[in-house]
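**Student:** Residue numbers (the working numbering): 914 to 1122. The C-beta atom is built at its ideal place from N, Cα and C for all residues, glycine as well.
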Amino acid sequence: MTDSTDRKSNRPSGGAAALADEIIADNAVNRISQLAKELLDERQTTATQAARILSEIIAKKPDMVVTAVERFTQGIASTHKRVVQTSAEALPAIAKIAPARVAKHLERLRTAWGETNDVGKDGLVRTFSNLCAASVAYQKRLEPILSKALGEADGKTLVIWTETVLPALKGEPHANARAVVEGRLEELPKASAQKIADFLGIKLRIRPK
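#1: Starting from K950, trace the alpha helix (DSSP H) in both directions and tell me its first and last residue.
#2: Measuring straight from C-alpha to C-alpha, what distance separates T999 and S968?
#3: Give me, in chain order, the residues of the same chain whose beta-carbon lies closer than 7 angstroms to that of A929; leave out the 5 immediate sequence neighbours on both sides.
#4: Using the C-alpha atoms, what's the distance from G988 back to G1068?
#5: Taking the continuous alpha helix (DSSP H) assigned at L1082, which residues delimit it?
#6: Would N1030 and P1005 be called neighbours here (beta carbons separated by less than 8 angstroms)?
#7: Comparing C-alpha positions only, which one of E1020, K994, A1066, V979 sits nearest to I1010?
#8: Looking at L952 and R984, is the spacing between their C-beta atoms short of 8 angstroms?
#9: Going by Cα to Cα distance, which pick from A1025, A963, A1008, A1062 is closest to V982?
#10: Between the Cα of G1033 and those of A1047, A1062, V1094, spot the shortest distance and give me the residue it belongs to.
#11: Going by beta carbon distance, what residues of the same chain come within less than 8 angstroms of L1098, once the five residues before and after it are set aside?
#12: Could you please give the first and the last residue of the uninterrupted alpha helix (DSSP H) stretch that includes I989?
#13: Looking only at C-alpha atoms, which of T1070, L1071, I1073, A1081 sits nearest to L1055?
#14: For K974, which of helix, strand or coil comes out of DSSP?
#15: Which class does R956 belong to by DSSP, given the choice of helix, strand or coil?
#16: What's the gap between the Cα of A960 and the Cα of D976?
#17: Leaving out five residues on either side along the sequence, give the residues of the same chain with a beta carbon under 8 angstroms from the beta carbon of A1090.
#18: As a quick exercise: from D954, A990, V1015, pick the residue whose alpha carbon is nearest that of C1045.
#19: Need the endpoints of the alpha helix (DSSP H) that P1012 sits in, please.
#20: Just to confirm, are A990 and E1028 a CB contact at a threshold of 8 angstroms?
#21: First and last residue of the alpha helix (DSSP H) that includes E1099?
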C-alpha cells in the first residue's frame, strides 16, 4: 500500500506550483522554514516534495527563501538529486539578493565542490560568480576555486562557465581565471574552443591537420 507521503511526492509539478503560490500569497514565512527543514529530511519523498515547492518559490519570489540559506548550503551536497537541483537554484539567487548571507557559508560551499554532482557544481559556480560581481572583496577568496572549476570543465560546460565567471572578476583574479581558460583552448573540441575564443576576442590558433 502506498502511504500518504508517497502520494504527496508523486503529485504533478502543478501541485507544487499551486502550493508555492499559496505560500507566496500568504507570505507564509513559517512554511518556508518548515519546507527548508524538510529539504534535508533523510526520506527521499519528503525531501523531494519540499524541493519541488521551494523551486517554484525561488522562481517567483526568491527573496522569500533568503532565510533558508543555511539549509541550501547543506542541500547542495545532498544525496537526493532534486534537493541538489533546488539548492543550485537558490544559492545563486540569494547571492544576488543578500550576498553577505551566502558569504558566511563560504568554507562549507567550497568544501561542497568535491561532494556534489554536476548540477550542484554549476550552481556553485554561479553562486561564487554572483558574489564576486557583488563585491571585489570576495574575488581573491573565490578565484582559486573558480579557476579550478574552469580547469576541470568539459568543453560545453567551459563555454558557459567562461561567460559566467570572467565578467564577474576584475584585475588579477580575472587575469588568472582567463589564463586558465586560454591555456585549455588547444585541448578542447574545436566548436567549443571557437566559441570561447570569440567571447575572449582572440584568434584561435590554426591546428595542424
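**Tutor:** Result, derived from the coordinates:
#1: 942 to 952
#2: 5 angstroms
#3: R965, I966, E969
#4: 27 angstroms
#5: L1082 -> no alpha helix (DSSP H), and no H or E assigned at all.
#6: no
#7: V979
#8: yes
#9: A1008
#10: A1062
#11: A1106, I1109, A1110, L1117, R1118
#12: Neither: I989 is in no alpha helix (DSSP H) and is coded neither H nor E.
#13: A1081
#14: coil
#15: coil
#16: 21 angstroms
#17: E1056, L1059, S1060, L1063, V1078, L1079, L1082
#18: V1015
#19: 1012 to 1016
#20: yes
#21: Where E1099 is concerned, there is no enclosing alpha helix (DSSP H), given that its DSSP letter is neither H nor E.
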